[in-house]
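Read top to bottom, the protein sequences are chains P and E. Note that the first sequence ends on residue 113 in our numbering; no numbers are left out. Note that the second sequence ends on residue 116 in our numbering; no numbers are left out. Just so you know, even glycine gets a beta-carbon here, dropped at the ideal spot from N, CA and C. First comes the structure, then the notes that go with it.
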Amino acid sequence: DQQVKQNSPSLSVQEGRISILNCDYTNSMFDYFLWYKKYPAEGPTFLISISSIKDKNEDGRFTVFLNKSAKHLSLHIVPSQPGDSAVYFCAATYKAAGNKLTFGGGTRVLVKP
Amino acid sequence: GAGVSQSPSNKVTEKGKDVELRCDPISGHTALYWYRQSLGQGLEFLIYFQGNSAPDKSGLPSDRFSAERTGGSVSTLTIQRTQQEDSAVYLCASSLISTGGVGGYTFGSGTRLTVV
Numbered sequence: 001d002q003q004v005k006q007n008s009p010s011l012s013v014q015e016g017r018i019s020i021l022n023c024d025y026t027n028s029m030f031d032y033f034l035w036y037k038k039y040p041a042e043g044p045t046f047l048i049s050i051s052s053i054k055d056k057n058e059d060g061r062f063t064v065f066l067n068k069s070a071k072h073l074s075l076h077i078v079p080s081q082p083g084d085s086a087v088y089f090c091a092a093t094y095k096a097a098g099n100k101l102t103f104g105g106g107t108r109v110l111v112k113p
Numbered sequence: 001g002a003g004v005s006q007s008p009s010n011k012v013t014e015k016g017k018d019v020e021l022r023c024d025p026i027s028g029h030t031a032l033y034w035y036r037q038s039l040g041q042g043l044e045f046l047i048y049f050q051g052n053s054a055p056d057k058s059g060l061p062s063d064r065f066s067a068e069r070t071g072g073s074v075s076t077l078t079i080q081r082t083q084q085e086d087s088a089v090y091l092c093a094s095s096l097i098s099t100g101g102v103g104g105y106t107f108g109s110g111t112r113l114t115v116v
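Right under this line is the structure:
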């Protein structure tokens, strides 16, 4: 039972354009959502997060949107840069889970120069 | 150290042998997690240590898997009688549990385990 799903395994985008990564969840107890970025042979690194009391959080070129009614969140990267080429994981948790994260399957992003 | 350190970075073992994977978390981080990533898959939760509380072992796939965290610091994940399906990248992470909410994890670079 996949509680967090990233339905697009890969995404290709031109440098300077917007990258939009999507994530859906099924567990209505989730109240905190995070995005991680992973380069090959490295561990994932924290990118941006959002609490369920908000619907948007922005940090530089990265913005996360949360639609609680649809149980959907998205990550926007604008403008996309070649260094953004990586695998992006969506993750979710709730306080009673003890901060244990449930991850999606990841989306591989390729930014073409 | 400055980050989460995992050793070895790569391990090739024969089917049926036991392996031990080590994680050295960031000093002062109270929480430690083990995840694994099989080829083409997402990150699968294995086990979670928080301070002196009993660990959350709900993600361990079988009784061949066990983990310890000694002195609230270093952790060892042990896989007994390894099988080919155990081949994966095993990732360790640590975090500070803040009263204000969830902190992001800091992951190590992982141990790539190959069972032949």
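Please confirm if the segment 62-79 of chain P is in contact with the segment 13-27 of chain E, defined as three or more CB-CB distances below 8 angstroms between the two stretches.
Counting Cβ pairs under 8 angstroms, fewer than three are found: no touch.
Between the alpha carbons of S74 (chain P) and E14 (chain E), how many angstroms are there, rounded?
Counted from its first residue, the first sequence places residue 74 (chain P) at position 74. Counted from its first residue, the second sequence places residue 14 (chain E) at position 14. Near 42 angstroms, if we compare the C-alpha coordinates of E14 (chain E) and S74 (chain P).
If distances are taken between C-alpha atoms only, which option among P:V4, P:F65 and P:P9 comes closest to V109 (chain P)?
Translated into the one-based positions of the first sequence, residue 109 (chain P) becomes position 109. Ranking P:V4, P:F65 and P:P9 by Cα distance to V109 (chain P) puts P:P9 first.
Under a CB-based cut-off of 9 angstroms, is E44 (chain E) close to chain P?
Position 44 of the second sequence, counted from the first residue, corresponds to residue 44 (chain E). Yes - at least one Cβ of chain P is within 9 angstroms of the one on E44 (chain E).
How many angstroms separate the CA atom of G16 (chain E) from the CA atom of R64 (chain E)?
Start at 1 with the first residue of the second sequence, and residue 16 (chain E) comes out as number 16. Start at 1 with the first residue of the second sequence, and residue 64 (chain E) comes out as number 64. Rounded to whole angstroms, G16 (chain E) and R64 (chain E) show a C-alpha spacing of 11 angstroms.
Counting contacts by CB-CB distance shorter than 9 angstroms, is V12 (chain E) in contact with chain P?
Within the second sequence, the letter at position 12 stands for residue 12 (chain E). False, the Cβ-Cβ gap to chain P never drops below 9 angstroms.
Using a Cβ-Cβ cutoff of less than 6 angstroms, which residues in the same chain neighbour L101 (chain P) once the five nearest sequence positions on both sides are dropped?
Counted from its first residue, the first sequence places residue 101 (chain P) at position 101. Taken in chain order, the residues that qualify are A91 and T93.
Below 8 angstroms on C-beta distance, what does I26 (chain E) contact in chain P?
In the second sequence, the residue the question calls residue 26 (chain E) occupies position 26. Chain P residues near I26 (chain E): none, gap ~12 angstroms exceeds 8 angstroms.
Hey, is L60 (chain E)'s beta-carbon within less than 9 angstroms of any beta-carbon in chain P?
As a working mapping, residue 60 (chain E) is identified with position 60 in the second sequence. Not closer than 9 angstroms to any Cβ of chain P, the Cβ of L60 (chain E) fails to qualify, so no.
Close beta carbons around G51 (chain E), own chain, < 6 angstroms, minus the five adjacent residues each side:
For the purposes of this step, residue 51 (chain E) is taken as the residue at position 51 of the second sequence. Within the same chain, Cβ atoms closer than 6 angstroms to the Cβ of G51 (chain E) are found at T30, the five residues on either side in sequence being excluded.
Find the nearest neighbour of I48 (chain P) within the set P:Q6, P:L21, P:S19 and P:V64, judged by alpha-carbon distance.
The sequence position of residue 48 (chain P) within the first sequence is 48, counting from 1. Nearest of P:Q6, P:L21, P:S19 and P:V64 to I48 (chain P), Cα basis: P:V64.
Using 10 angstroms around the beta-carbon of R133 (chain E), count the other beta-carbons present and answer buried if the total reaches 16, otherwise exposed.
Any answer about residue 133 (chain E) is impossible in this case: the structure gives chain E only from 1 up to 116.
Could you pull out every unbroken beta strand (DSSP E) segment of at least 3 residues lying fully inside the segment 11-65 of chain P, listed in chain order?
Whole beta strand (DSSP E) segments, 3+ residues: 19-25, 32-38, 45-51 and 56-59.
If we ignore side chains and look at the alpha-carbon of each, how far apart do V111 (chain P) and R69 (chain E) end up?
On the first sequence, residue 111 (chain P) is found 111 positions in, with the first residue counted as 1. On the second sequence, residue 69 (chain E) is found 69 positions in, with the first residue counted as 1. Rounded to the nearest whole angstrom, the CA to CA distance from V111 (chain P) to R69 (chain E) is 40 angstroms.
So, with DSSP's three-state summary, where would you put T70 (chain E)?
Here residue 70 (chain E) corresponds to residue number 70 of the second sequence, with the count starting at 1. Looking at T70 (chain E) - three-state DSSP - the assignment turns out to be helix.
In chain P, what lies closer than 7 angstroms to G108 (chain E) by C-beta?
Stepping through the second sequence from its first residue, residue 108 (chain E) is reached at position 108. Result: G43.
With 8 angstroms as the C-beta to C-beta threshold (strictly closer), list the residues of the segment 46-69 of chain P near chain E in chain order.
Listed in sequence order: F46, S49 and S51.
My understanding is that I77 (chain P) touches R61 (chain P), with C-beta atoms under 8 angstroms, so please give their C-beta distance in whole angstroms.
Residue 77 (chain P) sits at position 77 when you count from the first residue of the first sequence. Residue 61 (chain P) sits at position 61 when you count from the first residue of the first sequence. Contact between I77 (chain P) and R61 (chain P) holds: their C-beta atoms lie close to 6 angstroms from each other, under 8 angstroms.
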